[in-house]
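Numbering (my numbering), first residue to last: 259 to 607.
We treat Cβ as the ideally placed atom computed from N, Cα and C, and that holds for glycine.
Structure, rendered in structure tokens:
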């Protein structure tokens, strides 16, 4: 007769299995929790500041992850790499200059590098650009629409940042949008673009140069100096001549002579080309062949050398100048007769 089967061990095995399953569940929970924590933003209190990060072409996923961890933008490099693989973006990260923040999650940063959403455009605004030309440049680079930039570039924006009052005739910020190289996002807020450029003017000219000089009562107010600087910017071709050209223009003003600066007529016409005699008769308050004194306002955004030259012009008794064909420098004269003779000689007559 067979002995009955002993089933007493079965409940014990069930308990072991249940305990093992519980341990596995807890371990998975801890792993998931750790994974979620690893993906969290480094800064959670909203006090993070944006940082500029350059992702070079050819950098590996590991190098990018280590760079971001070193910058304090992600918690763990391994979590960044794993998230990039899990989201099928490991091979889609794009080189470029990015504005990232430590309050972005790892997932958000992976997505940003894969889509280029936070990529910045390096924009160089040359010396001598007009407000219109700068607006067109920004529109081409997809930073902001030209009309929106125009609308943001107001006298009030300049006054707010500089803490000074401009004359009522200053209808816009032309002259105060400092020529420089900037980093802007695609579809950047137009007011931020304008404010950044005016702040550069403040940091590089207004605070360190104008404020100390204004204590010694320069020849004109800020708006007049910037207006003269804008003419110098367009008239001069080499930095060494800028103080002298500023001096010639001021000497003409002092004698009640019209400036007769071609650059002001070009501004009135909206072109940059050799002028005709008909051009010199264009009816515009900016035509300094027809109107004495400075034009109503700046004709471009001058660079630092022109601003300094206008503030500290070279004293001179020269009243005339011209640039010979193909030359980067000018020929200066004290009288109209001397000027005419030199001009005739330069033209081979």
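| query | result |
| --- | --- |
| Backbone secondary structure at residue 500 - three-state DSSP | helix |
| Terminal residues of the alpha helix (DSSP H) in which residue 365 lies | 364–373 |
| Check whether residue 504 and residue 560 have beta carbons under 8 Å apart | no |
| Residue 428: first and last residue of the uninterrupted alpha helix (DSSP H) it sits in | Counting along the chain, residue 428 falls outside any alpha helix (DSSP H), and DSSP gives it neither H nor E. |
| Own chain, CB closer than 7 Å to residue 349, minus 5 neighbours either side, in chain order | none |
| Residue 417 in three-state terms, based on DSSP | helix |
| Other residues of its chain near residue 341: CB distance less than 7 Å, five sequence neighbours each side excluded | 297, 364, 365 and 368 |
| Cβ distance (whole Å) where residue 376 is taken to contact residue 443 below 8 Å | 7 Å |
| Close Cβ partners of residue 434 (< 6 Å) along its chain, the five nearest in sequence each way excluded | 416, 456 and 459 |
| Beta-carbon proximity check, residue 509 vs residue 574, cutoff 8 Å | yes |
| Cα-Cα separation between residue 314 and residue 440, rounded to whole angstroms | 19 Å |
| Exposure of residue 336, with buried meaning 16 or more beta-carbon neighbours within 10 Å | exposed |
| Collapsed DSSP secondary structure at residue 454 in the structure displayed | helix |
| Distance, residue 556 Cα to residue 578 Cα | 21 Å |
| C-alpha distance - residue 518 paired with residue 331, whole-angstrom precision | 57 Å |
| C-alpha distance - residue 525 paired with residue 419, whole-angstrom precision | 26 Å |
| Beta-carbon proximity check, residue 322 vs residue 351, cutoff 8 Å | yes |
| Residue range of the alpha helix (DSSP H) that includes residue 324 | 319–328 |
| Residue 600, DSSP secondary structure in three states | helix |
| Within 8 Å, strictly: CB atoms of residue 568 and residue 467 | no |
| Minimum C-alpha distance to residue 485 - residue among 402, 326 and 428 | 428 |
| C-alpha gap between residue 591 and residue 499, whole angstroms | 14 Å |
| Cutoff 6 Å; reference residue 599; Cβ partners in own chain excluding five residues on either side | none |
| Reduced DSSP secondary structure (H/G/I, E/B, other) of residue 392 | helix |
| Beta-carbon spacing of residue 399, residue 381 below 8 Å | yes |
| Check whether residue 446 and residue 401 have beta carbons under 8 Å apart | yes |
| Length of the line joining the Cα atoms of residue 527 and residue 421 | 33 Å |
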